[in-house]
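Protein chains in written order, with UniProt numbering: chain A, 1 to 376; chain B, 1 to 376.
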DNA sequence: CTGAAAGCGCTTACAG
DNA sequence: CTGAAAGCGCTTACAG
């Protein structure tokens, strides 16, 4: 393995100068820089991250924590974040909680992050007080994605979940539905992020605004998965007097609902309409009406919000290219409400720097799974 | 930040002893170990990975390279691998090629891996000769997943793609189909892994065995995605005289095909049968007949094959627990053919240690998307 | 079983 | 703009 002093010797300079030249620091003459780069290339030199990190006091690594990488939203976010991080020269340390009860603590409270990363991104990660304490002790910059994950002092990139749910429910109301069920996240689930609470609130607000009573028998809790949606729907049908429409808290639940309804011999949307939230890759194939949320954009923006303050801390070696400008102009900064819904602005969480927090818009996508209720 | 000498001072021993005790080395007396552990806990000490890696000459990190983390197979593999690695105390450095033309080179041939990891896992990563040269220079242990990715000297965990395709095609033949189309991977795609070549071979072998001619107009190339399946099917229909059945090289393509057929007003399976390979999470919801392949198991086995030789090199600190035994006994080692198909054994690639290579079985899962052709 | 000391390969004030 | 030297926080022979 060639080391920095091999390069220094060949270029006829000190290792300090090699270090500076390779990182693109401005205090190196053009001639020297050229010689150093040529020597490094000739020797196929690559810096040792371990040594560089120890000496420099930075890890060049960002931890990304997701509940389940296999779910559409999280894999889409991670793909966008990975590209952003690598473009900026950062490594991505992936933590997948994977539904294991003890994993969240292991990641957040033990050596999972300690001295390992320069910054943290939590995606829809459920947090207890003890987790917040542990994160505080780490004293690292961070960002969260999803309204369900709030860390004091960290910006949050998200959609307006209450508004999205209100829009979904209103779509069903506008079609003439009155018996509208909601299937949502299970609060007993160790990995339940609180997003489902916001979405239920939107559902309830829309019903109330329409002058409809809240029927607890139409509100079923289950997990944010295909199976969860199937089980919730089966439970709903078991209760008798089925709803004419189901609003599922995410597309995967909605797909599970579609499956259960079909198995029960019910037609969609003639017998039961179904709407979700996400605009999953396969929503189109299934003809699922949904509230689209921009997953990749949330990842991209979160990465930028996280990296911007770190910029310049890391060497320019991996490419000093700025993150591509993909903002799209659709982001609303500062916490004002946006999106398909024109309801009241979301309440800002306590203490986070709203200036860097972002709420991205959602939009109703009507497909074949929703229609008016039967006339009878 | 507390350092190792803080712990040493409190425990009244040298830093060398702290280092040994914390890593669970056997050459420490029980009493000393206890004092050290107590001191470390009291000070909330966590080892500095950078320092440890520099001094120890190991990174404790494994690179995992996937084409697209958003695709079912890859996210499922990564989830299994992530759990395995973290259980063994390794960090997972994720590289997502993401369809970008230059990414593969950037990851494999530049500082993406150099001095950064102890081992490499390539999942369905297309490799050119120059990539192989670069990997050889890295001189690291590695493992690949998928028949499309073969690195000399590295074991490979995979299914028998030829057999899987043969079984899929034979299922359609057994139902009475004679005009069977195949939609498969695009060889022009920079990220095309050669898996689609194996699957096409199985398709052709099954047709030939049934005494049917190969009709090039029934063989359409496209990408391994939902959109790819849709486009390929549209192309197929455009050619006129549509097939009575479509064998798609993966479930995502099959789902795209389902979408295109529906849009064309064709019924499934009455007008056209559809079969894929994977048993994607949503295959059940869509009623898709498929050849199931064990994605998580392939990830788990690949992680084990990779970590086994490394065992003991890393400290026991992160938990000396062995990887859970989830082999299931279904794995066949040594290259003999298994699975739903009883055809000839797959040809072993040149030079890889077949002893550690594994071929996992696949199985036909019949759902609603396949049936006999119409009588007319 | 334990310790003193060298060394891992860089980066960073500091001085010039 | 450049270099000499200290130091980042560990691990590892080596010696006992």
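Beta carbons: idealized from backbone N, C-alpha and C, even for Gly.
If you're wondering where the values come from, they're calculated on a predicted model, not measured in any experiment.
- Residue 155/A is classed as buried because its beta carbon has at least 16 other beta carbons within 10 Å across all chains shown.
- Among the CB atoms of chain B, none fall inside 9 Å of the CB of residue 42/A.
- In the structure shown, the three-state DSSP call for residue 139/A is coil.
- Here residue 219/B carries a strand assignment [DSSP, helix/strand/coil].
- For residue 5/B, the enclosing alpha helix (DSSP H) starts and ends at 4–11.
- If you draw a straight line from the Cα of residue 124/B to the Cα of residue 27/A, it comes to about 44 Å.
- Listed along chain A, the residues sitting closer than 8 Å to residue 285/B by beta-carbon distance are 226, 255, 256, 258, 259 and 286.
- Proximity of chain B to residue 49/A at the Cβ level (cut-off 7 Å) is accounted for by 115 and 116, in chain order.
- The beta carbon of residue 248/B does not come within 9 Å of any beta carbon belonging to chain A, so the residue lies off that interface.
- The residue from 194/A, 137/A, 228/A and 275/A with its alpha-carbon nearest to that of residue 173/A is 275/A.
- Annotated three-state conformation of residue 300/A is helix, per DSSP.
- One Cα belongs to residue 279/B, the other to residue 197/B, and the distance between them is close to 20 Å.
- Here residue 259/A really is in contact with residue 284/B; their C-beta atoms are around 7 Å apart, less than 8 Å.
- Nearest C-alpha to residue 121/B among 15/B, 107/B, 239/B and 372/B: 107/B.
- The continuous beta strand (DSSP E) containing residue 363/A extends over residues 363–365.
- Residue pairing by DSSP puts residue 91/A in a beta bridge opposite 61/A.
- The beta carbons of residue 175/B and residue 292/B sit no closer together than 9 Å.
- Of all C-beta pairs linking the region 69–82 of chain B to the region 5–19 of chain A, fewer than three are shorter than 8 Å, placing the two stretches out of contact.
- Of the candidates 202/B, 183/B, 144/B and 133/B, the residue whose Cα lies closest to the Cα of residue 161/B is 202/B.
- Counting only runs that start and end inside the region 211–291 of chain B, the beta strand (DSSP E) elements of at least 3 residues fall at 219–222, 245–248 and 273–278.
- Annotation for residue 206/B: 166, 169 and 170 place their beta carbon closer than 6 Å to its own, counting only its chain and skipping 5 residues before and after.
- Contact of residue 70/A with chain B is assigned, a C-beta pair being separated by under 9 Å.
- Distances from the CA of residue 243/A to each of 252/A, 286/A, 282/A and 179/A were compared; the closest alpha carbon is that of 179/A.
- At a cut-off of 3 residues, the continuous stretches assigned as beta strand (DSSP E) that sit fully inside the region 122–168 of chain A are 142–145 and 156–159.
- Residue 70/B sits away from residue 118/B, with the two beta carbons spaced by 9 Å or more.
- The alpha-carbon separation between residue 34/A and residue 23/A amounts to approximately 13 Å.
- Residue 66/A places its beta carbon 9 Å or farther from that of residue 90/A.
- Residue-level contact by beta carbon holds for residue 76/A and chain B, with a gap shorter than 9 Å.
- Close partners of residue 169/B in chain A (Cβ separation under 9 Å) are lacking, with about 23 Å as the shortest Cβ gap.
- Interface criterion not met: the Cβ of residue 299/B is under 9 Å from no Cβ in chain A.
- DSSP, read as helix, strand or coil, puts residue 14/B in coil.
- By the CB criterion at 9 Å, residue 159/A and residue 282/A fall outside the cutoff.
- Not a single C-beta of chain A is nearer than 9 Å to the C-beta of residue 142/B.
- In the displayed model, residue 175/B falls within coil according to three-state DSSP, outside both helix and strand.
- Cβ contact annotation for residue 301/A (same chain, cutoff 6 Å, sequence separation greater than five): 157 and 358, in chain order.
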